[in-house]
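To keep things clear, I will list the structure first and then write my remarks on it.
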Amino acid sequence: MTENTLKDKDGFETMYLNMGPQHPSTHGVLRLGLVLDGEVIIKAEPDIGYLHRGMEKLAESRTYQANIAMSDRFDYVTSMNNNFVTALAVEKLLGVEIPKRAQYLRILMAELNRVVNHILFFGFFAMDLGATTALIFGFREREEALELFESVCGARLTYNYFRVGGVSRDLPAGFIEKAGNFVKMMRSRLKDYDDLVTGNVIFQDRSVGIGRISKEDVLAYSLSGPVMRASGIKYDIRKDDTYSVYREFDFEVPVRENGDCFDRYMMRMLELREALKIIEQVLIKLEPGEILAKVPKIIKPPAGEAYVRTESPKGELALYLVSDGTANPYRLHLRAPSFINLQILQKILTGVKVADVIAILGSIDITLGEVDR
Amino acid sequence: MDAQKYLNEIKGRFPGTADAAPERIKDGVPALLCPAPFLFEIVKYLKAEGFNYLMDLCATDYRDSLEVIYHFCALETNVKLTVKVRLDREKPELASITPLYPGADWQEREAFDLLGINFPGHPDLKNLLLPCGWEGHPLRKDYSRKPDQYD
Amino acid sequence: MNISYGLENIWTWLITLIDRLFCRAGLPYIFAYTLEKIIFGVALLVFISISVLFLIWLERKVSAHMQSRLGPMHVGGWHGWAQTIADMVKLLFKEDIIPAKADKWVHRIAPIVVFVPSLMAFLVIPFEKNLIGQDLNAGILLIFAFSSLAVLAIIMGGWASNNKYTLLGGIRSAAQMVSYEIPLVLSVLSVIMLVGSLKLNDIVEAQQGWHWFAFTQPLAFMLYIIAATAEVNRTPFDLPEAESEIVSGYNTEYSGLKYGFFMLSEFTNMLIVALVAATVFMGGWQGPKWLPLPGIIWLLLKTYLIVFVLMWFRWTFPRLRVDRLMDFGWKVLIPLAFVNIFLTGLFMVVFK
Amino acid sequence: MGILLDEAPYILENFPGGGIVITSADWFINWSRANSLWPLTFGLACCAFEMISANMSKYDLDRFGVFPRPTPRQADLIFVAGTLTKKMAPRLKKLYDQMGEPKYVISMGSCSNTGGPFYDSYAVVKGVDKVIPVDVYVAGCPPRPENLIEGIKKLQEKIKKDTIKNNGRAKIFK
Numbered sequence: 001m002t003e004n005t006l007k008d009k010d011g012f013e014t015m016y017l018n019m020g021p022q023h024p025s026t027h028g029v030l031r032l033g034l035v036l037d038g039e040v041i042i043k044a045e046p047d048i049g050y051l052h053r054g055m056e057k058l059a060e061s062r063t064y065q066a067n068i069a070m071s072d073r074f075d076y077v078t079s080m081n082n083n084f085v086t087a088l089a090v091e092k093l094l095g096v097e098i099p100k101r102a103q104y105l106r107i108l109m110a111e112l113n114r115v116v117n118h119i120l121f122f123g124f125f126a127m128d129l130g131a132t133t134a135l136i137f138g139f140r141e142r143e144e145a146l147e148l149f150e151s152v153c154g155a156r157l158t159y160n161y162f163r164v165g166g167v168s169r170d171l172p173a174g175f176i177e178k179a180g181n182f183v184k185m186m187r188s189r190l191k192d193y194d195d196l197v198t199g200n201v202i203f204q205d206r207s208v209g210i211g212r213i214s215k216e217d218v219l220a221y222s223l224s225g226p227v228m229r230a231s232g233i234k235y236d237i238r239k240d241d242t243y244s245v246y247r248e249f250d251f252e253v254p255v256r257e258n259g260d261c262f263d264r265y266m267m268r269m270l271e272l273r274e275a276l277k278i279i280e281q282v283l284i285k286l287e288p289g290e291i292l293a294k295v296p297k298i299i300k301p302p303a304g305e306a307y308v309r310t311e312s313p314k315g316e317l318a319l320y321l322v323s324d325g326t327a328n329p330y331r332l333h334l335r336a337p338s339f340i341n342l343q344i345l346q347k348i349l350t351g352v353k354v355a356d357v358i359a360i361l362g363s364i365d366i367t368l369g370e371v372d373r
Numbered sequence: 001m002d003a004q005k006y007l008n009e010i011k012g013r014f015p016g017t018a019d020a021a022p023e024r025i026k027d028g029v030p031a032l033l034c035p036a037p038f039l040f041e042i043v044k045y046l047k048a049e050g051f052n053y054l055m056d057l058c059a060t061d062y063r064d065s066l067e068v069i070y071h072f073c074a075l076e077t078n079v080k081l082t083v084k085v086r087l088d089r090e091k092p093e094l095a096s097i098t099p100l101y102p103g104a105d106w107q108e109r110e111a112f113d114l115l116g117i118n119f120p121g122h123p124d125l126k127n128l129l130l131p132c133g134w135e136g137h138p139l140r141k142d143y144s145r146k147p148d149q150y151d
Numbered sequence: 001m002n003i004s005y006g007l008e009n010i011w012t013w014l015i016t017l018i019d020r021l022f023c024r025a026g027l028p029y030i031f032a033y034t035l036e037k038i039i040f041g042v043a044l045l046v047f048i049s050i051s052v053l054f055l056i057w058l059e060r061k062v063s064a065h066m067q068s069r070l071g072p073m074h075v076g077g078w079h080g081w082a083q084t085i086a087d088m089v090k091l092l093f094k095e096d097i098i099p100a101k102a103d104k105w106v107h108r109i110a111p112i113v114v115f116v117p118s119l120m121a122f123l124v125i126p127f128e129k130n131l132i133g134q135d136l137n138a139g140i141l142l143i144f145a146f147s148s149l150a151v152l153a154i155i156m157g158g159w160a161s162n163n164k165y166t167l168l169g170g171i172r173s174a175a176q177m178v179s180y181e182i183p184l185v186l187s188v189l190s191v192i193m194l195v196g197s198l199k200l201n202d203i204v205e206a207q208q209g210w211h212w213f214a215f216t217q218p219l220a221f222m223l224y225i226i227a228a229t230a231e232v233n234r235t236p237f238d239l240p241e242a243e244s245e246i247v248s249g250y251n252t253e254y255s256g257l258k259y260g261f262f263m264l265s266e267f268t269n270m271l272i273v274a275l276v277a278a279t280v281f282m283g284g285w286q287g288p289k290w291l292p293l294p295g296i297i298w299l300l301l302k303t304y305l306i307v308f309v310l311m312w313f314r315w316t317f318p319r320l321r322v323d324r325l326m327d328f329g330w331k332v333l334i335p336l337a338f339v340n341i342f343l344t345g346l347f348m349v350v351f352k
Numbered sequence: 001m002g003i004l005l006d007e008a009p010y011i012l013e014n015f016p017g018g019g020i021v022i023t024s025a026d027w028f029i030n031w032s033r034a035n036s037l038w039p040l041t042f043g044l045a046c047c048a049f050e051m052i053s054a055n056m057s058k059y060d061l062d063r064f065g066v067f068p069r070p071t072p073r074q075a076d077l078i079f080v081a082g083t084l085t086k087k088m089a090p091r092l093k094k095l096y097d098q099m100g101e102p103k104y105v106i107s108m109g110s111c112s113n114t115g116g117p118f119y120d121s122y123a124v125v126k127g128v129d130k131v132i133p134v135d136v137y138v139a140g141c142p143p144r145p146e147n148l149i150e151g152i153k154k155l156q157e158k159i160k161k162d163t164i165k166n167n168g169r170a171k172i173f174k
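Structure follows, in structure tokens:
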């Protein structure tokens, strides 16, 4: 983008503001090139790739199991969901049957991670709008969830919990009570969240009607997940293109109509409640049993391709996996929801204020690890 | 499978596509091996037929050729369809579908960046992930990295 | 001796002593007067520095406790009391960077300009009846006049840094502070109408015996608190330094002690608006008769109550957007302030 | 560095008792520097979340006087938390250059120490020390917040051994 060719509507020179890669609220190392007329944006151009680690290339030199460990780092907020999609894709190629308990454990972890992601979204979104305390509240609850993860797999962030054919460890003693308590605590804290943020006049002023995405744009730009559902399209892969054993659980797919920042925020808050519901159901349904199917030590799926879609907290997380019969994948491509959702920025940032850029970016909920891979 | 109907329809309309690809993706999602010149027209047809959601666009290097894979989905009916295009490895060129699906923008740029596929018709085809002036296309199988100042 | 005016008596005693000594030495009164003012000024500076260091520490502790954290705990022993001292000493010995393309002199002067008017405003605040730098006839006007100067420094800093974030911060600040100055003055105007004097001591004495203007003029008090929050650039009106939007706003390019000055001045300003609120709306140095504490203690208690409220705001609210902020100032606060003045006038005409 | 510290120690040393002045000044300045480490709010990848966690309620780095600043000008410390890519490396260098002396670097996590799980990637810098000098390395993938706190403690120990005579490692690293 050339700086001086763009003029504002009165023909005056515009200002080029380079936001990022180091900026307190670009959620990592995103760079936004903004052409400003005062505080109004004339043109916005996201520039990504500052965290491009070449993971798709690296995957080709790792075994399938190592790729599950690698997938933790795709979107480091929703590691369990990344594990999930990777394991599912390999299993699809292998054609193994997963034990019931492992299926439940997977869903338990994936939904817990959805809760963690949405708590973090709450915190960062409120932080982007200037409410610092909300972020710290969010992290406080996240720590409780991380304790659960830690007791299961020993890690706080990069879990590497899933195995091809199941999960790596069974639940430790007392986990079920702890998780039950967590759900109860989360329910009561959600009320605090609503008191502190959702009902706040300034917060609503900053988010209602801001960054509206129409239904048509959602489809044209292939947006997915909460961003899609906030614009009135009721489509959840867990329901509409179901995978694993999500069929057995009873949960709603919340949907909102306006497609503005506030609706995207509300979507997450509603989904968080649904995720808690699923967790509760899993905890009841869990029965003792195998947690790992019989799979060979060295996994060599037959040559073929698999495309697996899952509903990650950020949107449609899909994996395209090509095997050539060796121990390493021939090609691994991640359909990263953040990456594709981020494209809409170019369209909807035009004409908004600098402050709204942050709100809109926050409401889309991206992780740069996944955008750049 | 519903999508098979569309495949047959396409084969009838576009004679060059008669040799559909074998069904390699499991779950019975049919794949259409489409000759490169027809791609834009076929995708246009698919969009008109209700495949309103482009799930994914990616490319693979099969050593002898490059393959671009489009995953479409019709959200209302939940019918999925895969379109594959084989490209010449030396001079890969394929019409951009960004005018039809703006969401393909960055995915095509990514393929351009990492695999060197040219998409005529793309509004702003340039580096996406790699730094400006990067040489080579890392996702190609024969890519070898030259040592730089950070090694 | 009435114990409740302890500090004041010491000060009167000191003044008398100096006057006598100079008189005996045969020097003109102007020298004694100058010396007294210098002593007062130095004492004031010490008081301000300590208060501000304390305020910064307090802000961190208050915010921490609101966020279920602890805040500074280790530096200096008890609850990290020495934290701000360590920060300031570090800033003092930190490299002072002037960006290559900055307007060097303006960049250098801005931190000083920001500090001077904040200090000047302290001169007319009555800490006790006679414990006052200069009980000017137009005391309250002087405070507002000086506090409006702060915006100049912020624009200077924002412009001179030659950085787009600082420029945005400076311009935001100019718009914001100039517009919120108006409701600020208008809200106090209704009090001035009731008192009939611009002298701060008169305003304080008019509130004798719990007739606080906070009770009789609640709307004016609310308007004042809101406008004052905006005036000192604190959340929800902290647009000039909105961290999540424009990095650190006007002080993005300042480092070392110069940044320290900006930080100190922010808290000095907060102290001033709280002192003025305590003086104009909450009875100033007067306390209840049954608890004879020195007036300065009462004043500080009230001040810190306001300060705490300001901090509470900061750690609770999100931030307003620029255009909504201006809307709020011009379309809500100013009309309300005028309505309040009108009602006050009506009230005075009817009941006099 | 300010005028105050550039030549003063060398002049002072020649005076009787100057050494004691330097020693006590050393103690005081190092005490303030060690206890007032303001990091830049700068996160690259996964480790950034552990870095943020360390600032939040449970671990609360604010206890040690660590007070995040959004701009490099006001920061003393930079946590390089995450994978440094070749596209980002020049920016990191720039950020580091924008910080005022004395400045410290904590390399957090395997990626920024050595490249970590991405050591064989075409796009990753194998260790942030190829770009900027590092004071403390914190191991882990990602390190727990406790590890980071330990790293800060180590850095504080290091700072406390400094003296104003070699003030500003600028002389070593420029």
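Residue numbers (the working numbering), protein chains in the order written: chain F, 1 to 373; chain Z, 1 to 151; chain R, 1 to 352; chain S, 1 to 174.
Ideal Cβ placement from N, Cα and C applies to all residues, glycine included.
Return the Cβ separation of residue i and residue j in integer angstroms, given the expectation that the two are a contact with Cβ distance under 8 Å.
{"i": "R33/S", "j": "P102/S", "result": "7 Å"}
{"i": "Y254/R", "j": "G158/R", "result": "With 8 Å as the limit, Y254/R and G158/R do not qualify as a contact, their Cβ atoms being about 10 Å apart."}
{"i": "F175/S", "j": "H74/R", "result": "Here chain S has residues from 1 to 174 only, and residue 175/S is not among them."}
Can you name the residues of chain Z whose CB is closer than 7 Å to the CB of residue i?
{"i": "A89/S", "result": "Y150"}
At a cut-off of 6 Å, would you count residue i as near the ligand ATP, judging by its Cβ distance to the nearest heavy atom?
{"i": "R53/F", "result": "For the structure depicted, the ligand ATP is absent and the ligand set is empty, with no information on it obtainable."}
Run the CB neighbour count on residue i, radius 10 Å, all protein chains shown included, and call it buried at 16 or more, exposed below.
{"i": "M1/R", "result": "Confidence is the limiting factor: at M1/R the pLDDT is only 38, short of 50, which leaves the residue's position unreliable, though a coordinate-based value still follows. Burial call: exposed."}
{"i": "K84/Z", "result": "buried"}
{"i": "R331/F", "result": "buried"}
{"i": "E305/F", "result": "buried"}
{"i": "T2/F", "result": "Bear in mind that a pLDDT of 45 at T2/F, under 50, signals an unreliable position, so the model cannot answer this."}
{"i": "I20/S", "result": "exposed"}
{"i": "K347/F", "result": "exposed"}
{"i": "F213/R", "result": "buried"}
{"i": "A44/F", "result": "buried"}
{"i": "S4/R", "result": "Note that S4/R has pLDDT 47, beneath the 50 cutoff, so the model's placement of it is unreliable and the number below is only indicative. With 16 or more Cβ atoms within 10 Å of its Cβ, S4/R is classed as buried."}
{"i": "A170/S", "result": "Only weak support is given to the placement of A170/S: the predicted model assigns it a pLDDT of 42, under 50, and the value that follows is read from those uncertain coordinates. By the 10 Å Cβ count, A170/S comes out exposed."}
{"i": "V247/R", "result": "buried"}
{"i": "E257/F", "result": "exposed"}
Can you tell me which residues form a DSSP beta bridge with residue i?
{"i": "G16/F", "result": "Reading the sequence as shown, one finds Tyr at residue 16/F and not Gly. In DSSP, Y16/F forms a bridge with V35/F."}
{"i": "M214/S", "result": "Only positions 1 to 174 of chain S appear in the structure, and residue 214/S is not among them; the question remains open."}
{"i": "Y161/Z", "result": "Since the displayed chain Z opens at 1 and closes at 151, residue 161/Z lies outside it and no answer follows."}
List the residues of chain F that residue i touches, going by C-beta distances under 7 Å, in chain order.
{"i": "G43/S", "result": "G28"}
Anything in chain S within Cβ reach of residue i, meaning under 7 Å, just list it in chain order.
{"i": "S255/R", "result": "R73, Q74, G100"}
List, in order along the chain, the chain S residues whose C-beta lies closer than 8 Å to that of residue i?
{"i": "P138/Z", "result": "Y122, A123"}
Please compile the residues from chain Z whose C-beta is within a distance smaller than 8 Å of the C-beta of residue i.
{"i": "K86/S", "result": "P131, D148, Y150"}
{"i": "K130/S", "result": "Y150"}
Kindly list, in the order they appear in chain F, the residues whose Cβ is closer than 8 Å to that of residue i.
{"i": "I246/R", "result": "V354"}
Report the residues of the region 38 to 69 of chain F with a CB closer than 7 Å to any CB of chain Z, ordered along the chain.
Listed by position, the residues of the region 38 to 69 of chain F near chain Z (Cβ gap below 7 Å) are I48, G49, H52, G54, E56, K57.
Could you please tell me which residues of the region 38 to 62 of chain Z, in chain order, have their CB closer than 7 Å to any CB of chain F?
Cβ proximity to chain F below 7 Å picks out N52, Y53, L54, M55, D56, C58, T60 from the region 38 to 62 of chain Z.
Residues of the region 68 to 98 of chain Z with a CB closer than 9 Å to any CB of chain F: list them in chain order, please.
From the region 68 to 98 of chain Z, only I69, H71, C73, L75, N78, K80, T82 have a Cβ closer than 9 Å to chain F.
Please name the residues in the region 147 to 160 of chain F whose beta-carbon is closer than 8 Å to at least one beta-carbon of chain S, in chain order.
So the close ones are R156, L157, T158.
Mind checking the region 55 to 68 of chain S against chain F and listing, in chain order, the residues whose C-beta falls within less than 8 Å of any C-beta there?
Listed by position along the chain: M56, S57, K58.
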